[in-house]
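> Chains as they are written, first to last, in numbering that gives the first Met the number 0: chain C, 0 to 130; chain U, 0 to 114.
Glycine is no exception: its CB is placed at the ideal position from the N, C-alpha and C atoms.
Pasting a structure below so you can have a look.
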Amino acid sequence: MPEMTKQRPKYLALHQIRLPLAGFVSILHRISGLGLFLMLPLLIWLLELSLGTTPEQKATFSNVTGSCIVQLILFGLCWAYLHHFCAGIRFLLLDVHVGIEKEQARKSAVGVLVISLGLTVLVAMKFLGVF
Amino acid sequence: MKARILVGAHYGLKDWLAQRITAVVMAVYTAILIVGMLRGAASSQDAWHAFMSNGFIRIASFLFIVSLCYHAWIGVRDIWMDYVKPTGIRLVLHVLTLLTLVGYAGWAIQIIWRL
Chain C
0 MPEMTKQRPK YLALHQIRLP LAGFVSILHR ISGLGLFLML PLLIWLLELS
50 LGTTPEQKAT FSNVTGSCIV QLILFGLCWA YLHHFCAGIR FLLLDVHVGI
100 EKEQARKSAV GVLVISLGLT VLVAMKFLGV F
Chain U
0 MKARILVGAH YGLKDWLAQR ITAVVMAVYT AILIVGMLRG AASSQDAWHA
50 FMSNGFIRIA SFLFIVSLCY HAWIGVRDIW MDYVKPTGIR LVLHVLTLLT
100 LVGYAGWAIQ IIWRL
């Protein structure tokens, strides 16, 4: 089978490939998933502290969640969760053939980016006591 | 004896389906949590503790944790399969991923069950 072994052209100049919006949502789905996985120990630890009953646990919880760096990480993780959630629902709908037309798929990709970012801003504002 | 077919479709179907089912479980749990929080479940530490200690929520949290770990296993494994080619390194990453996820599941379930 000479056809099978023929060298095929590869074009993987990543800086020159223009990713469509749906592709952008897709790679962010992967990145947000990996980020959440890597930060799982922090999240489980915070869950433990948030449900803690001893004064030490309560003090550690307020100290940790009061730190600016931790807050920044948590807002990032909040975005990662919301993006993964919204993009995941979009993928589930695509799986059952809802919104697979090009224009609809582009619109839902924009929707995922806007909704997840918007909700992250809302959560961050609530957390920081803006409202 | 029937010869095993080594190439073809359906080899990833079970994982594909499991990833989607666990996603739905987690989405439902997320919705429950959001409704709970809108009704004041996180308004104070006592309220949060009471909410998470509730029998129904405890079972839901258990299902969420198990789903999360299975879901993360499939997703992270796919990432290693896509980007890590040397078999040895890939095997090490697979094993580490599995072990950490099983450990996280035990840790998180223990937190919920102790309430």
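Is there a Cβ from chain U that is less than 7 Å from the Cβ of C:I43?
yes
> In chain C, which residues lie with their C-beta within 7 Å of the C-beta of U:G74?
By Cβ distance, chain C contributes G32.
> Looking at the structure shown, is U:N53 part of a helix, part of a strand, or coil, going by DSSP?
DSSP places U:N53 outside both helix and strand once states are collapsed to three, so it counts as coil.
> Can you list the residues of chain U that C:E55 reaches, using a CB-CB cut of under 9 Å?
What C:E55 touches in chain U: nothing, since even the nearest Cβ is about 14 Å away.
> State yes or no: is the C-beta of U:T99 within less than 7 Å of the C-beta of U:V75?
no
> Consult DSSP for U:Y103 and reduce its assignment to one of helix, strand or coil.
helix
> Over what stretch of residues does the alpha helix (DSSP H) that includes U:T29 continue unbroken?
L12 to L37
> Please list the terminal residues of the continuous alpha helix (DSSP H) segment that includes C:M124.
K101 to F126
> Is it buried or exposed, C:Y80, if we count other Cβ atoms within 10 angstroms and call 16 or more buried?
When all chains shown are included, C:Y80 counts as buried.
> Which residues in the same chain have their Cβ closer than 7 Å to the Cβ of C:S107, if we skip the five residues on either side of it in sequence?
R89 and G98
> Can you say whether U:W112 is buried or exposed, counting buried as having 16 or more other CB atoms within 10 angstroms of its CB?
Flag for U:W112 reads exposed.
> Please classify C:T131: is it buried, with 16 or more other beta-carbons within 10 angstroms of its beta-carbon, or exposed?
As shown, chain C starts at 0 and ends at 130. That puts residue 131 of chain C outside it, with no answer to give.
> Please say whether U:I64 and C:E47 have beta carbons closer to each other than 7 Å?
no
> Under 7 Å between the Cβ atoms of C:F36 and C:S49?
no
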